[in-house]
Each structure stands twice: as structure tokens, then as C-alpha cells.
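Under this note's numbering, the letters of the sequence shown match residues 3 to 124, in that order.
Ideal placement from N, C-alpha and C gives every residue a C-beta, glycine not left out.
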Amino acid sequence: MSVVGGLLSYVLNLGPYLLLTHVFSWKHDPAYAVSLTWVTVLMFVWNYRVNFPTPSHWRGCAVRYVVALISSWIINFVLVGLATRVMSAPLAIFIVGGFVAVLKFGIYHWWVFPYRNDVSAE
């Protein structure tokens with residue numbers, strides 16, 4: 003399901019970006035900020051419900067999620083901004099998105115949405 007989520011993330015990110023830049027003539031930075039925010043919110047629901055179902059309730063992982071979310075958003079935005087200086091935006095979004103997705107997968111798996119099979123004996 004992670005690969006499906008990654009491809010879905012790319013399409014959901016690139017679509018609004020291209021719409022904003024090509025149809026509405028927005029500049030790169032605001033268009034990418036909006037599309038990245040859009041896909042970040044949608045992919046959180048995907049990760050919370052599909053990729054990393056966890057017995058931890060929302061209140062148990064909220065702070066970790068917000069830290070990971072803001073950090074990955076900043077890393078993604080900065081790296082795509084730098085990469086677009088040497089390659090097309092769709093390619094930069096794809097490459098950087100893949101890098102950040104692998105990074106987020108590890109962070110989500112081991113820190114944000116931990117799944118614990120251990121049940122303490124009473």
C-alpha cells in the first residue's frame with residue numbers, strides 16, 4: 003500500500019501545482035506551497051488509516067505527527083525549490099517527493115504511529 007500511497011501523493015501534488023501554474027498563472031512558490039499543503043493533509047488521512055493503523059489514539063501521536071509533518075513539509079518545499087533551478091518542476095517534485103516519502107515512511111513507522119504487539123500482563 004505504501005507504493006500506491008506514494009504514487010497517489012505524486013499525482014495529487016502535481017495536479018494542483020500544474021493547475022495553479024499553467025491555468026491560473028501562479029508563480030512556483032505559492033503554487034507549490036498550496037499543492038504541497040493539500041497533499042500533506044490528504045496523505046495524513048491515508049497514512050493514519052491505511053499505511054500505519056495503530057492502537058495509539060490520535061492524542062497519543064498528535065505531537066509527534068505535527069513535528070514530522072512540519073519538518074517534512076519544510077524539507078520538501080526547500081529541496082523542490084532548489085531542484086527546480088536545474089530541472090523541470092514535475093521531475094523535481096517526483097524525485098524530492100520520493101526522497102521525502104522514504105524519510106517519512108521511516109519516521110512514521112518507528113516514531114509517529116508506532117504499532118506495539120506487546121500486551122502487558124496483568
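Per DSSP, the continuous alpha helix (DSSP H) segment holding M45 begins and ends at 30 to 48. With respect to V88, G99 sits apart: the two C-beta atoms are not nearer than 9 angstroms. Separation of the CB atoms of F79 and L38 is rounded to 6 angstroms, and the pair is thereby assigned contact status at 8 angstroms. In this structure, the straight-line span from the alpha carbon of S27 to that of S73 is close to 28 angstroms. Here the alpha carbon of H111 sits roughly 13 angstroms from the alpha carbon of F46. Comparing C-alpha distances from Y12 to each of A103, L84, R66 shows the shortest one belongs to A103.
Taking all protein chains shown into account, K29 has fewer than 16 neighbouring C-beta atoms within 10 Å of its C-beta and is therefore exposed. P18 sits away from W48, with the two beta carbons spaced by 9 angstroms or more.
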